[in-house]
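S.K.:
Residue numbers (the UniProt record's numbering): 1 to 219.
Next comes the structure, spelled out in C-alpha cells:
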C-alpha cells in the first residue's frame, strides 16, 4: 500500500493505527522483537508479507500473474482488474509503465492484440485502446454471424427448390410426373409436346399420331 503524499514513516504510522485484534497483537510482538529502534517501512512490508502472505502463497500468485491471459469470455475491463490484483505480487515486473504495458498486452486475446498497431507504453492509453479494439472485434463477429445466417437461408431455399424437380406426386384423377413429358389423367394418357400439350386422350389409331423418324408411332 502506498499513500499519496505520505512519507514511508507516516504510511507505517497510519496503517498501524488501523490494526485491531490479532493484527494489533502481532504488531506489538514485532515491536518487542526489534527492540528500541524504529521499524522501517521496508521492514514492515517484509514482516507483514511473511505473516499474512507466506512465500508459498506469493510464489503461487506470481506464477498466476506470469501466466495470466484474457479468457475467451472475459472482457478487457475484467482482465484489467485481474491483472491489477496479481501485479502487486510481482512489483519488480511492473516497476515501470513500459513493463506494465508489456505484460498486460501479452495477455490480451490474439484478435485484440493484433488490432493494436503500435507499441503503447502508457498503461491507461493501452487499456482504453484495447477496450476500443474489443468493440470492433465484437461488431465484426456480429456482422459475420448475420452474413452466415443469410447465406444459409438462401442455400436452403435453393436446395429445397432443386429437391422438388423430378419428383412424382398424386392428385385426384391421376398420377403426374414433374420431370417428364407425359402423365396419365382420368381420361387416359395425354401427350405433352415441346410447345405445350394436347388436352384430349390420344387416339392410337389416328393417322395424326406422332411418329418417330423410323416411322413407328409412339406407344
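Note that the Cβ used here is the ideal one computed from N, Cα and C, for glycine as well.
In whole angstroms, give me the CA-to-CA distance for residue 23 and residue 124.
M.R.: Roughly 35 Å between the two C-alpha positions.
S.K.: Decide yes or no for the touch test of the stretch 127-144 against the stretch 69-82: beta carbon pairs closer than 8 Å, at least 3 of them.
M.R.: A contact exists between the stretch 127-144 and the stretch 69-82.
S.K.: Where residue 111 and residue 126 are concerned, what is the direct C-alpha to C-alpha distance, given to the nearest angstrom?
M.R.: Using only the alpha carbons, I get a separation of about 15 Å.
S.K.: Roughly how many whole angstroms lie between the Cα atoms of residue 11 and residue 62?
M.R.: Whole-angstrom Cα-Cα distance: 25 Å.
S.K.: Is the beta carbon of residue 45 closer than 8 Å to that of residue 109?
M.R.: No.
S.K.: Taking the alpha-carbon positions, what's the residue 106 to residue 113 distance?
M.R.: The straight-line gap from Cα to Cα measures roughly 8 Å.
S.K.: From this set, 148, 68, 138, 96, which residue's C-alpha is nearest residue 86's C-alpha?
M.R.: Looking at the Cα atoms, 68 is the closest of the given residues.
S.K.: Tell whether a beta-carbon distance below 8 Å holds between residue 26 and residue 51.
M.R.: Taking 8 Å as the Cβ cut-off, residue 26 and residue 51 qualify as a contacting pair.
S.K.: In whole angstroms, give me the CA-to-CA distance for residue 84 and residue 13.
M.R.: Distance between the alpha carbons of residue 84 and residue 13: 26 Å.
S.K.: Would you mind giving the Cβ-Cβ distance between residue 9 and residue 30, rounded to the nearest angstrom? I have them listed as a contact below 8 Å.
M.R.: In fact, because the Cβ distance is near 16 Å, the residues do not count as touching under 8 Å.
S.K.: Drop a sphere of 10 angstroms on the beta-carbon of residue 65, count the other beta-carbons inside from all chains shown, and report buried for 16 or more, exposed for fewer.
M.R.: With 16 or more Cβ atoms within 10 Å of its Cβ, residue 65 is classed as buried.
S.K.: Between the beta-carbon of residue 58 and the beta-carbon of residue 89, is there less than 8 Å?
M.R.: Going by C-beta atoms, residue 58 is nearer than 8 Å to residue 89.
S.K.: Under three-state DSSP, which class holds residue 89?
M.R.: Residue 89: coil per DSSP, three-state reduction.
S.K.: Below 6 Å CB to CB, which residues in the same chain sit around residue 138 once its five sequence neighbours on both sides are set aside?
M.R.: Within the same chain, residue 138 has no close Cβ partners at all.
S.K.: Rounded to a whole number of angstroms, what is the C-alpha to C-alpha distance between residue 34 and residue 28?
M.R.: So the two alpha carbons sit approximately 10 Å from each other.
S.K.: Measuring alpha carbon to alpha carbon, tell me which of 140, 134, 145, 120 ends up nearest residue 72.
M.R.: Nearest of 140, 134, 145, 120 to residue 72, Cα basis: 134.
S.K.: Looking at the secondary structure, which residues open and close the alpha helix (DSSP H) in which residue 99 lies?
M.R.: Looking at the DSSP string, the run of the alpha helix (DSSP H) that includes residue 99 is 97-107.
S.K.: Among the residues of its own chain, which have a CB less than 7 Å from the CB of residue 120, if the five just before and after it don't count?
M.R.: 101, 126, 129, listed in sequence order.
S.K.: Between the alpha carbons of residue 16 and residue 41, how many angstroms are there, rounded?
M.R.: Near 11 Å, if we compare the C-alpha coordinates of residue 41 and residue 16.
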